Amino acid sequence: MSDDIITPLADYIKTQILKQPKRLMKPDEPLISGGLIASFNLVDLALFVEDTFGVRIDDAELNAQTFDTLEQLAALIESRRI
Amino acid sequence: MQTFTEQLKDHYAQTPDKVVVYILHSGQPDLPLTYRQLLWGSAGYARSYAAQGIRPGEVVILILQHGVDLFYAYFGAVLHGAIPAIMPFLTEKLLPERYRADLASLVSVTQPSAIVTYADFEPEVRAALKPGDPVRAVILASQVEPPSEPDFPTLGGSTRKPEDVALLQHSSGTTGLQKGVALSHQAVFNQLESYRLALHMRQDDVFVSWLPLYHDMGLIACYLMPILLGYPLVLMSPFDWVRAPYRLLQAVSRYKGTLSWLPNFAYNFCAQKIRDRDLEGVDLSSWRLISNCSEPMRWESHQAFYERFRGLGLRYETLVTCYAMAENVFAVTQGGIAGPVVVDEVDRDSLQIDRIARPPIAGKATIKMLSAGRPIRNVAVRVLDGHGHDAPERHIGEVALKSDSMLTEYYHRPDATKKAFHDGWYLTGDFGYLAGGEVYVTGRKKDLIIVGGKNIYPQDLEQLAMDVPGVHAGRVAAFGIFNETSGTEDVVMVAEVDEDGEDDRQRIADQMRAVVTRGSAVALRYVHIVDKHWLVKTSSGKTARSANREKFLKEMAQTGQVF
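For the record, the sequence lines run as chains A and B. According to our numbering, the first sequence is numbered sequentially starting from 35. According to our numbering, the second sequence is numbered sequentially starting from 1080.
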């Protein structure tokens, strides 16, 4: 999986959502079901993805079934990038 | 003197074809329901309850998601004369074992006769039940009797008296589920009549809400009030709203909504997270009153919301305030109706240190307090000092109230009921002051945390964290810290551990996050792992949460981390 997607995503989550810039994040760590991302933060994440990668995630897709880890989210983004 | 069933019967007789609710679901067409459809569907449920041997006066627990089944199951219980109580549905975050434990404790206190759920959720429900439980039937939404004309004279609901318990209302979490607020028909109608007048309700009012029905603000203000009083309700799911907050504004525009209730964080959330492209053609000029309620109200949140949406026709006087609690059915006060919401700018240090709301002192920091308004007409409010006497004007004390819409009891909890009253006055556990007849709420006596309007008991979270190896009883504390950006509280946990290594500590912090989230659906904003003897204890050896909160904030300030 390409780091050019995972790295900015991980940085955003660490600095803006968790406020723990030094934290290590694994690509297969569960984000939603693991409690790292609260439902209130899902919109933030969707807006960040749209601004950074030009990929829109529909609000119906903001759940752990669609993506729960960095690598799953990166795969979703990659599959929609032109 | 009325009951829910009589009131519904009147609407059915007089306006059977009036749409009473529009059920909104992301990705699906809006579903309108008339009184006829609502009552027929509910009558199907009432027949199923009867067929299962559920008797009027018994409790029925509903574990259903936002949708038509929940409406029918709820009012079916009403028509049957049973007492409905809504339990939140399992979310993807929550661990099924934890959910089962909460359900089991709800069952043991509430002693329900039936639980209604979906077929695919039945195993979860059955797993929470044990031999000897009072539950006689697990009723599946897919197997309920089809809609049919209600035969009012034979319905159990027709035998109910105004003083009988009409419903139970719980707050969330292990602690909240053990304290069901039992409300009588009469108490609910007394509240609705008084609140209707306070809001100057009009013929053309339309309610628009995304609030969950297991919350008093959602259940009373945005469900029972419109349906029992005969106003259209546009109801979306909280699940949809939190992922797409613009849907609330689109719904207001589409249905010419006039009344909504929001917890404070929702003002910040909407102001920050809605893009212009989702607001094309949206017109908010019909919005008459948005009541800020159920968590501390911030002047800054009102400003942010107004500035963001004024260009769409939102009026400043639409932003009003309310102080409410399930124990009084709902509203205690309402502000901003007869005139603008009163803003009381006071000296910050006097308020926080002397606990007196004094006028600003030149050159010193101030706080703009939003008035919660005046007591609505069936409610009397006092502010009591530590000795149970009236506190002087502008002095902070505990808010106490008396009304004809109080709870009957905490269901099957005579201990808790007795503790809640002093000389016939209900002690709210909230701190506040009175000034010029207006009520200002400043904080809480108890260590309760409120996140996005949802009550969270810190002891529930601490109990969960103790499951993590390395975290020990009495050496962990949870508390809330107000977040200016989000307009609500963040949850912080501090744990003393013996492990020294960074890796061990990171592992413990991660595991604490995971168990707390999966056990309570609460996401921790920050987990602070500390050395032995960090936590401040009271003289009796209990964790002093507020002292630990202060210590945490001081430490964060020293290390340059802003909270």
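Where is the CB? At the ideal position from N, CA and C, for every residue including glycine. Bear in mind that the values here come from a model prediction, so they are computed numbers and not experimental data.
Mind checking residue 1525 of chain B: buried by the 16 CB within 10 Å criterion, or exposed?
exposed
Report the partner residues of residue 108 of chain A according to the DSSP bridge assignment.
Paired residues: none, contrary to the question.
Measuring only between beta-carbons, confirm whether residue 109 of chain A sits less than 8 Å from chain B.
no
Please report the straight-line C-alpha distance between residue 1208 of chain B and residue 1201 of chain B, rounded to a whole angstrom.
11 Å
Rounded to whole angstroms, what's the CA-CA distance from residue 1572 of chain B to residue 1499 of chain B? Just pull it up for me.
29 Å
Below 6 Å CB to CB, which residues in the same chain sit around residue 1210 of chain B once its five sequence neighbours on both sides are set aside?
none
Tell me, to the nearest whole angstrom, how far the beta carbon of residue 1279 of chain B is from that of residue 1416 of chain B; I am working on the premise that it is less than 8 Å.
6 Å
Could you give the first and the last residue of the continuous beta strand (DSSP E) run that contains residue 1403 of chain B?
1398-1403
For residue 111 of chain A versus residue 89 of chain A, is the C-beta distance shorter than 8 Å?
yes
Determine, for residue 53 of chain A, whether the minimum Cβ-Cβ distance to residues of chain B falls below 8 Å.
yes
Within 10 Å of its beta-carbon, does residue 1373 of chain B have 16 or more other beta-carbons around it, so buried, or fewer, so exposed?
buried
Against chain A, does residue 1348 of chain B count as a neighbour if the rule is that its beta carbon must be under 8 Å from one of theirs?
yes
Thinking just about the alpha-carbon of each residue, which of B:1610, B:1626, B:1589 is nearest to the one in residue 64 of chain A?
B:1589
Rounded to the nearest angstrom, what separates residue 1081 of chain B and residue 1492 of chain B at their Cα positions?
27 Å
So that I know if they touch, is there some Cβ in chain A lying closer than 8 Å to that of residue 1412 of chain B?
no
Which residue comes first and which comes last in the beta strand (DSSP E) that contains residue 1123 of chain B?
No beta strand (DSSP E) contains residue 1123 of chain B, which is instead part of the alpha helix (DSSP H) from 1114-1130.
In the DSSP output, which residue or residues are listed as bridge partners for residue 1616 of chain B?
B:1622
On the three-state DSSP scale, how would you describe residue 1443 of chain B?
coil
Would you be able to state if there are at least three C-beta pairs under 8 Å between the region 1163-1172 of chain B and the region 1231-1238 of chain B?
no
Please tell me whether residue 113 of chain A has its Cβ less than 8 Å away from any Cβ of chain B.
no
I'd like to know whether the C-beta atoms of residue 1504 of chain B and residue 1486 of chain B end up nearer to each other than 8 Å.
no
I'd like to confirm the pairing. Which residues does DSSP put opposite residue 1453 of chain B in its beta bridges?
B:1413
Of all the CB atoms in chain B, is at least one closer than 8 Å to the CB of residue 66 of chain A?
yes
Does the region 1577-1586 of chain B come close enough to the region 1556-1569 of chain B that 3 or more CB-CB pairs lie under 8 Å?
no
Are the C-beta of residue 1130 of chain B and some C-beta of chain A separated by less than 8 Å?
no
Among the residues of its own chain, which have a CB less than 8 Å from the CB of residue 1443 of chain B, if the five just before and after it don't count?
1426, 1427, 1428
How about residue 93 of chain A: is its C-beta nearer than 8 Å to some C-beta of chain B?
yes
Contact the region 1266-1283 of chain B vs the region 1316-1323 of chain B: 3+ CB pairs below 8 Å
no
CB of residue 1387 of chain B to nearest heavy atom of the ligand FMN: below 7 Å?
This structure does not include the ligand FMN; it has no bound ligands of any sort.
Chain B contact for residue 44 of chain A (CB, 8 Å cutoff):
no
Tell me the DSSP bridge mates of residue 1142 of chain B?
Paired residues: none, contrary to the question.
Contact set between the region 1170-1190 of chain B and chain A, restricted to residues whose Cβ is under 7 Å from the partner
1171, 1172
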